[in-house]
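In UniProt numbering, the protein residues as written are 1 to 161.
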């Protein structure tokens, strides 16, 4: 693993907050020259510590405002079943995040669809259409409070005693 110092950590933190920062803006915030920031950014990218740059788009903007969390338990964990399930996850565009987990579920899937009907169809596809899936448990997200480290909803104000 690449050794990073305080400057690299500051660059990573700033870019995580705003991936559109120029090298000059980074240099002003970090306290290095623009060329040093550029070299460090390139090194962090080449070391796969920066995995990419993207725009955070509101789910409503792309008509995917129905968010579901689906716990999946596999029938068994043979190589064929696991590989088949992983392939299905990779090919299904409605699945935006997928995690292999401990506990009752083998996987936790975050899905984004346009409607409850689409969510129901996806669940049916998981259960009936995939031989490796034994059980699913679905929760519908009522409100997004924080995603990718960014607070979305206004903070709750709690009165202190």
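Where a beta carbon is used, it is the ideal one built from N, C-alpha and C, also for glycine.
Nearest residue (CA-CA) to residue i, options the options
i           : options              : result
residue 24  : 15, 38 and 13        : 38
residue 73  : 126, 60 and 64       : 126
residue 21  : 54, 114, 87 and 135  : 54
residue 111 : 51, 7 and 59         : 59
residue 122 : 103, 91, 100 and 143 : 91
residue 64  : 117, 36, 151 and 8   : 117
residue 83  : 27, 50 and 131       : 131
residue 102 : 4, 120 and 71        : 71
residue 93  : 113, 85 and 80       : 113
residue 87  : 32, 133 and 28       : 133
residue 51  : 34, 31, 12 and 144   : 12
Terminal residues of the beta strand (DSSP E) in which residue i lies
i           : result
residue 98  : 95–100
residue 112 : 107–113
Exposure label - residue i; buried when at least 16 CB within 10 Å
i           : result
residue 56  : exposed
residue 40  : buried
residue 9   : exposed
residue 95  : buried
residue 99  : exposed
residue 27  : buried
residue 109 : buried
residue 6   : exposed
residue 150 : exposed
Boundaries of the alpha helix (DSSP H) in which residue i is found, first to last residue
i           : result
residue 139 : Segment 133–140 is the beta strand (DSSP E) holding residue 139; no alpha helix (DSSP H) there.
residue 72  : Element bounds for residue 72: not the alpha helix (DSSP H) but the beta strand (DSSP E), 66–74.
residue 123 : 116–128
residue 53  : Residue 53 -> no alpha helix (DSSP H), and no H or E assigned at all.
residue 89  : 79–91
residue 3   : Per DSSP, residue 3 belongs to no alpha helix (DSSP H) and is neither H nor E.
Beta carbon proximity, residue i to chain D, threshold 8 Å
i          : result
residue 18 : As a matter of chain content, chain D is missing from the structure shown, which is built from one protein chain.
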